[in-house]
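Participant: Before we start, here is the structure in question, set down as structure tokens.
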Amino acid sequence: MVNNAFIFLGGSYMTGEVHIPSCVAFGQGLSKGSVGVPESITIQTQDMFGNLVQASQPLTFVLQLQQGAAYHYFYASRTSAFHYKGSFLLFDPGQYNLSINVGDVSIYGSPFNLEISEGMYFNIFLQSRFY
8 MVNNAFIFLG GSYMTGEVHI PSCVAFGQGL SKGSVGVPES ITIQTQDMFG
58 NLVQASQPLT FVLQLQQGAA YHYFYASRTS AFHYKGSFLL FDPGQYNLSI
108 NVGDVSIYGS PFNLEISEGM YFNIFLQSRF Y
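So for the sequence shown, our numbering puts the first residue at 8; every next one is plus one.
See below:
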């Protein structure tokens, strides 16, 4: 069968390779957060048909903020066969477009609209940046 979700081999099946545009992200860090509070994102690896699939090679997910805001380095590490988890920390409140990519390819739903509020740590960050 061509273009089927599974390849049948002797009564068993294999899922396809990781398809970056089909990988999905979830977590509060995709939509809202506060200055100085680490925001978490989980990325689930899937093939082009939406099946969970383990990457044959390590993947490097990169977070990009369109407005060029200052943020602490984002690194997503593998937490299970199908999941990567990462966190980031923003220093300035505002509205951001957050993209998650592998190379030049975006994951499903990217870019995300992210709102960062001042939060309870805003004054501490503001003071530490100028003293």
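Cβ atoms here follow ideal geometry from the backbone N, Cα and C, with glycine treated the same way.
The structure displayed is predicted, hence computed values, not measured ones.
For residue 43, does the three-state DSSP call read helix, strand or coil?
Facilitator: The answer is coil: DSSP assigns residue 43 none of H, G, I, E or B.
Participant: Please confirm whether residue 70 and residue 105 have their CB atoms less than 9 Å apart.
Facilitator: Their beta carbons are under 9 Å apart, which means residue 70 touches residue 105 by this criterion.
Participant: Who pairs with residue 89 in a beta bridge, going by DSSP?
Facilitator: Its beta-bridge partners do not exist; DSSP assigns none.
Participant: DSSP three-state call for residue 105: helix, strand or coil?
Facilitator: Looking at residue 105 - three-state DSSP - the assignment turns out to be strand.
Participant: Report the option in 119, 26, 72, 42 whose CA atom is closest to the CA atom of residue 62.
Facilitator: Nearest C-alpha to residue 62: 26.
Participant: To the nearest angstrom, how far is the alpha carbon of residue 18 from that of residue 39?
Facilitator: With a pLDDT of 43 at residue 18, under the threshold of 50, the modelled position of that residue is not reliable, and the figure given next carries that caveat. Computed Cα separation, rounded: 46 Å.
Participant: Pick out whichever of 98, 23, 49 has its Cα sitting closest to the Cα of residue 85.
Facilitator: Taking only the C-alpha atoms, the option nearest residue 85 is 49.
Participant: Could you check whether residue 68 and residue 91 sit closer than 9 Å to each other, using their CB atoms as the reference points?
Facilitator: Going by C-beta atoms, residue 91 is nearer than 9 Å to residue 68.
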